[in-house]
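Participant:
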Amino acid sequence: MPQKVKAVIARSKDAPVELTTIVVPDPGPGEAVVDIKTCGVCHTDLHYVEGGIGDDYPYLLGHEATGVVSAVGEGVTNVEVGDTVILNWRAVCGECRACKKGDLKYCFSTFNAEQKMTLEDGTELEPALGIGAFAEKTLVHSGQCTRVDGVDSVDEQAAVGLLGCGVMAGIGAAVNTGEVKRGESVAVIGCGGVGVAAVAGAKLAGATTIVAVDIDPKKLAKAEELGATVTVNSKEQDAVEAIREATGGVGADVVIEAVGRPETYEQAFYARDLAGRVVLVGVPTPEMKIELPLLEVFGRGGALKSSWYGDCLPERDFPMLVDQYRLGRLPLEAFVTEKIGIDEVNEAFDTMKSGDVLRSVVVL
Ligand code: APR
Ligand code: ZN
Ligand code: ZN
Numbered sequence: 384m385p386q387k388v389k390a391v392i393a394r395s396k397d398a399p400v401e402l403t404t405i406v407v408p409d410p411g412p413g414e415a416v417v418d419i420k421t422c423g424v425c426h427t428d429l430h431y432v433e434g435g436i437g438d439d440y441p442y443l444l445g446h447e448a449t450g451v452v453s454a455v456g457e458g459v460t461n462v463e464v465g466d467t468v469i470l471n472w473r474a475v476c477g478e479c480r481a482c483k484k485g486d487l488k489y490c491f492s493t494f495n496a497e498q499k500m501t502l503e504d505g506t507e508l509e510p511a512l513g514i515g516a517f518a519e520k521t522l523v524h525s526g527q528c529t530r531v532d533g534v535d536s537v538d539e540q541a542a543v544g545l546l547g548c549g550v551m552a553g554i555g556a557a558v559n560t561g562e563v564k565r566g567e568s569v570a571v572i573g574c575g576g577v578g579v580a581a582v583a584g585a586k587l588a589g590a591t592t593i594v595a596v597d598i599d600p601k602k603l604a605k606a607e608e609l610g611a612t613v614t615v616n617s618k619e620q621d622a623v624e625a626i627r628e629a630t631g632g633v634g635a636d637v638v639i640e641a642v643g644r645p646e647t648y649e650q651a652f653y654a655r656d657l658a659g660r661v662v663l664v665g666v667p668t669p670e671m672k673i674e675l676p677l678l679e680v681f682g683r684g685g686a687l688k689s690s691w692y693g694d695c696l697p698e699r700d701f702p703m704l705v706d707q708y709r710l711g712r713l714p715l716e717a718f719v720t721e722k723i724g725i726d727e728v729n730e731a732f733d734t735m736k737s738g739d740v741l742r743s744v745v746v747l
């Protein structure tokens with residue numbers, strides 16, 4: 384039986400989001416219904432509201448979520464009713480050219496549920512990132528669910544749910560894309576939510592020197608809390624020189640750019656050591672360009688890599704990172720600034736714009 388539940392939608396561009404009633408169908412083949420427990424408020428949700436993602440209103444917002452599976456459709460084998468899951472927006476198909484090459488992170492046909500959730504009048508909803516989890520229940524493709532064990536309290540769920548998006552992007556930039564190894568040096572340029580998660584990822588991977596660069600002292604303080612050993616305010620100091628100085632004059636083994644501006648891309652490039660890896664996480668606009676002197680590329684070598692959703696494979700990475708969290712090696716709770724009700728998403732957007740929070744998390 385289709386179920387009516389409370390949910391938060393963006394009805395039109397730039398309007399405040401609304402708490403309303405939606406209709407969630409029974410899961411079809413390969414689909415699952417998840418009773419949402421927690422869902423973080425991410426910049427991407429705001430981009431949906433501001434029209435930056437598309438014009439397919441109304442959107443059902445929310446995508447950094449944990450929940451408990453309450454129904455599964457035919458053929459679902461990876462999760463069962465009662466499982467606690469973290470949702471992801473990168474279910475891979477295993478069959479496209481990228482998957483066949485083994486480059487799963489470039490899968491062309493990431494799965495979403497085929498059926499649509501609707502408003503009570505039958506209007507179809509477009510779920511944010513194929514999830515839509517500011518809702519008491521949501522319908523997803525079963526491949527978007529990863530079972531995680533031993534996260535039973537709301538606090539634990541709020542913390543690990545952040546692996547569903549921004550925090551995974553940062554941790555994965557260090558652990559997966561940057562392949563940070565024990566004893567290496569890492570510099571992170573830009574310490575917003577993604578950058579501080581990269582700092583935590585670098586620490587988890589065993590980096591010894593972790594240089595955090597930002598223009599905002601508050602962000603640098605947070606980076607220090609999460610494992611930065613040196614902080615650099617690049618309004619006051621030259622970022623490249625400061626990173627070199629902090630790494631014995633040579634540059635970092637891995638430099639992670641988490642701003643998305645030409646000048647910080649350039650800093651990342653020049654701040655790498657011989658054979659250093661430069662990881663680009665900040666998303667550039669189509670117009671952005673930088674000039675790279677080829678002799679510098681050739682002489683110093685290394686790699687320039689982009690990182691997309693932390694290059695994560697949810698089935699591999701979510702349970703592993705939850706274990707690290709439970710062992711006390713990954714302080715995911717530090718990313719949860721406040722827990723809020725489902726009727727407080729507009730206020731959470733305002734707080735986000737003020738730049739003073741890492742994450743507001745809706746608790747259902
Ligand atoms: N040098 C260093 N830091 C800077 C600079 C600069 N020139 N300009 C801005 N910053 C800092 C800001 O002070 C802020 O702390 O970069 C950080 C950006 O953080 P957020 O705006 O919170 O963004 P975040 O969610 O962390 O995402 C960062 O990654 O996934 C991408 O699209 C995302 O491009 C964005 C980037
Ligand atoms: Zn594929
Ligand atoms: Zn997100």
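Residue numbers (the working numbering): 384 to 747.
Backbone N, C-alpha and C define an ideal beta-carbon position, used for all residues, glycine too.
Applying the 10 Å Cβ sphere with the 16-neighbour rule, what's the burial state of residue 396?
Facilitator: With fewer than 16 other Cβ atoms within 10 Å, it is exposed.
Participant: First and last residue of the alpha helix (DSSP H) that includes residue 580?
Facilitator: Taken as a continuous stretch (DSSP letters only), the alpha helix (DSSP H) holding residue 580 covers 576-587.
Participant: With distances taken from CA atoms, which of 571, 408 and 655 is nearest residue 614?
Facilitator: It is 571 whose Cα lies nearest to the Cα of residue 614.
Participant: From the DSSP output, read off the bridge partner residues of residue 442.
Facilitator: In the DSSP output, where bridge partners are listed per residue, residue 442 has 393 and 509.
Participant: Are residue 492 and residue 476 closer than 9 Å when you measure CB to CB?
Facilitator: Their beta carbons are under 9 Å apart, which means residue 492 touches residue 476 by this criterion.
Participant: Suppose contacts are defined by Cβ-Cβ distances below 9 Å. Is residue 544 in contact with residue 581 by that definition?
Facilitator: For residue 544 and residue 581, no; Cβs fall outside 9 Å.
Participant: Considering Cα atoms alone, identify which of 393, 530, 705 and 384 is closest to residue 468.
Facilitator: Minimum Cα distance to residue 468 is reached at 530.
Participant: Does the count of Cβ pairs from the region 511-524 and the region 440-456 closer than 8 Å reach three?
Facilitator: Yes, the region 511-524 touches the region 440-456.
Participant: Which value, in whole angstroms, describes the spacing of the CA atoms of residue 534 and residue 511?
Facilitator: Rounded to whole angstroms, residue 534 to residue 511 spans 25 Å at the Cα level.
Participant: Going by beta-carbon coordinates alone, are residue 714 and residue 603 separated by less than 9 Å?
Facilitator: Cβ distance not < 9 Å, so residue 714 and residue 603 don't count as in contact.
Participant: State yes or no: is the C-beta of residue 656 within less than 9 Å of the C-beta of residue 402?
Facilitator: No.
Participant: Closer than 6 Å between the C-beta and any heavy atom of ligand 3: which residues qualify, listed along the chain?
Facilitator: Checking every Cβ against the heavy atoms of ligand 3 under 6 Å gives 425, 427, 446, 447, 548 and 549.
Participant: Am I right that residue 689 and residue 663 are in contact with their C-beta atoms under 8 Å? What's the rounded C-beta distance?
Facilitator: Confirmed, Cβ separation roughly 5 Å.
Participant: For residue 670, which of 676, 659, 683 and 645 has the nearest alpha-carbon?
Facilitator: Ranking 676, 659, 683 and 645 by Cα distance to residue 670 puts 645 first.
Participant: Cβ of residue 652 within 8 Å of any heavy atom in ligand 2?
Facilitator: It does not: the Cβ of residue 652 is nowhere closer than 8 Å to a heavy atom of ligand 2.
Participant: Would you give the residue range spanned by the beta strand (DSSP E) that residue 639 belongs to?
Facilitator: Per DSSP, residue 639 belongs to the beta strand (DSSP E) from 635-640.
Participant: Tell me where the alpha helix (DSSP H) around residue 675 begins and ends.
Facilitator: Per DSSP, residue 675 belongs to no alpha helix (DSSP H) and is neither H nor E.
Participant: Could you round the C-beta distance between residue 585 and residue 596 to whole angstroms and report it? I think they count as a contact, below 8 Å.
Facilitator: Their Cβ separation, rounded to whole angstroms, is 13 Å, which puts residue 585 and residue 596 out of contact at 8 Å.
Participant: Using the Cα positions of residue 392 and residue 525, report the straight-line distance between them to the nearest angstrom.
Facilitator: Those two C-alpha atoms are separated by around 23 Å.
Participant: Closest by CA to residue 539, which one among 740, 732, 730 and 707?
Facilitator: The shortest C-alpha separation from residue 539 is found at 707.
Participant: Measure how close the beta-carbons of residue 471 and residue 527 come, nearest whole angstrom, since I'm counting them as under 8 Å.
Facilitator: That pair is a contact at about 6 Å.
Participant: Who are the Cβ neighbours of residue 488 in its own chain at under 7 Å, not counting the five residues just before and after it?
Facilitator: 691 and 694, listed in sequence order.
Participant: For residue 605 and residue 549, what's the separation of their Cα atoms in angstroms?
Facilitator: Approximately 16 Å, taken between the alpha carbons.
Participant: CB of residue 555 to nearest heavy atom of ligand 1: below 8 Å?
Facilitator: The answer is no for residue 555.
Participant: Can the beta-carbon of residue 464 be found closer than 9 Å to that of residue 413?
Facilitator: The answer is no: Cβ separation not under 9 Å.
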